[in-house]
Amino acid sequence: MTTATSDRAQTITRYLNPIIQSTINTFEMMLNSSAKRTGIVLSSGRMEGPSLSAVISLTGKANGTIVLNVHNEVAFNVFERMLGNKPTEVNDEVRDAVGELVNMIAGGAKAQLKELELSLGIPNLIDGDSYALHFPTDMERPLSIEFTSDIGKFTIDFSFRDQ
Amino acid sequence: MKVLLVDDSGTMRAIQKRCLNTLGVRDVLEAADGVQGLALTSAERFDIIFSDWNMPNMDGLTFLKEFRAANTTTPFIMITTEAERDRVLAAIQAGVSDYLVKPFTPDALRDKLEKWVGVHI
């Protein structure tokens, strides 16, 4: 393994484990849902079918982005677990719920990366039938962590750049 | 028991309110930021306040400082994803009573109520 490849692997691992752990913890505590990581792939950034993505930035001694991608049905399940009633369409409340989820996931990851002194941005929401997310070209190529859970499948995309 | 929830996320307020209702607490008022929170605390008396940290217009720390200038006794619980040492110290200096770090369980919310209001639910 070259030094550059080794460095990149270390950078990915540094962020990967806190994000996975925080995601599992957040789903358990806020949704009473057991999430399980099923794979890690390069992110295509594409969402096909009615979907919703919550994007949050982290800045400090590193800069990064974490994205929670869910299909609408999973977003409805998230809302139902949080608030007890199941919506039938994506509205401001559903967007707010998914935004809060990514906020908590990023906050939990941040707490495990104290040395980077990260600050969270405000979650931004994207929804539609088919769309693509594009990360800045000067960031590490984004990875997509695939999860399964009792409320459906979802992915967490992330990319970071050390300062 | 009268509770004030301050959070810019309607979802988070709804989650907390749902938890409180489950615990039998019905008198719950809501504010979307520190400005609204201050307006409510100047007009009403609350047994406990739960406030988010990161909010537009006026954040939770500023709200806490402004509130403590007029009221030093009402329990003020910061609900936040922020739990770093520097932030904790800033909040303690400003007079925060306790912390609830997101994500949290309904049991954690109940524990704070029991601890600070002295009501066993």
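Sequence order for the protein chains is Y and B.
Heads up: the first sequence begins at 676 in our numbering, then just goes up one per residue.
Heads up: the second sequence begins at 19 in our numbering, then just goes up one per residue.
Beta carbons are placed, not taken as given, at the ideal position from N, Cα and C, and that holds for glycine.
Query                                                                                                                                                                                               : Result
Could you give the DSSP three-state label for residue 15 of chain B: helix, strand or coil?                                                                                                         : This structure cannot speak to residue 15 of chain B, because chain B is shown only from 19 to 139.
Look at residue 131 of chain B and residue 66 of chain B and say whether their C-beta atoms are less than 9 Å apart.                                                                                : yes
Can you tell me whether DSSP reads residue 721 of chain Y as helix, strand or coil?                                                                                                                 : strand
Kindly list the residues whose CB is nearer than 6 Å to the CB of residue 706 of chain Y, restricted to its own chain and excluding five residues on each side of it in sequence; keep chain order. : 756
Note the first and the last residue of the continuous alpha helix (DSSP H) segment covering residue 757 of chain Y.                                                                                 : 747-758
For residue 832 of chain Y, which residues from the same chain have a beta carbon less than 6 Å from its beta carbon, with the 5 sequence-adjacent residues on both sides left out?                 : 718, 742, 817, 819
My guess is that residue 826 of chain Y and residue 749 of chain Y are in contact by the Cβ rule of under 8 Å, so how many angstroms apart are they, rounded?                                       : 6 Å
Check the Cβ-Cβ distances between residue 99 of chain B and every residue of chain Y, and say whether any is below 9 Å.                                                                             : yes
Using 10 angstroms around the beta-carbon of residue 811 of chain Y, count the other beta-carbons present and answer buried if the total reaches 16, otherwise exposed.                             : exposed
Once DSSP output is grouped into helix, strand and coil, what is the label at residue 114 of chain B?                                                                                               : coil
Out of Y:821, Y:794, Y:720, point me to the one whose CA is closest to residue 805 of chain Y's CA.                                                                                                 : Y:720
Would you say residue 775 of chain Y lies against chain B (beta-carbon separation less than 9 Å)?                                                                                                   : yes
Report the option in B:134, B:35, B:126, B:106 whose CA atom is closest to the CA atom of residue 71 of chain B.                                                                                    : B:106
What residue does the alpha helix (DSSP H) around residue 777 of chain Y start on, and which one ends it?                                                                                           : 767-786
At the 9 Å Cβ level, is residue 781 of chain Y part of the contact set with chain B, yes or no?                                                                                                     : yes
Against residue 68 of chain B, what residues of chain Y qualify as contacts under a CB-to-CB distance less than 7 Å, listed in chain order?                                                         : Those within 7 Å of residue 68 of chain B in chain Y number zero; the least Cβ separation is about 15 Å.
Note down, in chain order, all residues in the segment 106-136 of chain B with a beta-carbon under 7 Å from any beta-carbon belonging to chain Y.                                                   : 120, 121, 122, 123
Which term fits residue 716 of chain Y, buried or exposed, when burial requires 16 or more other beta carbons within 10 angstroms of its beta carbon?                                               : exposed
Could you tell me whether the segment 758-771 of chain Y touches the segment 24-31 of chain B, where touching means 3 or more Cβ pairs closer than 8 Å?                                             : yes
Looking at C-alpha atoms only, which residue of B:94, B:124, B:99 is the closest neighbour of residue 135 of chain B?                                                                               : B:94
Of the choices Y:800, Y:789, Y:680, Y:734, whose alpha-carbon is the least far from that of residue 747 of chain Y?                                                                                 : Y:800
Using 9 Å as the limit for Cβ to Cβ distance, is residue 711 of chain Y near chain B?                                                                                                               : no
Please report how far the alpha carbon of residue 728 of chain Y lies from the alpha carbon of residue 829 of chain Y, in whole angstroms.                                                          : 10 Å
Does any residue of chain B bring its CB to less than 9 Å from the CB of residue 827 of chain Y?                                                                                                    : no
Quick one: grab the DSSP three-state call for residue 827 of chain Y.                                                                                                                               : coil
Which residues does DSSP pair with residue 708 of chain Y in a beta bridge?                                                                                                                         : Residue 708 of chain Y is not bridged to any residue.
Please state the DSSP three-state secondary structure of residue 70 of chain B.                                                                                                                     : strand
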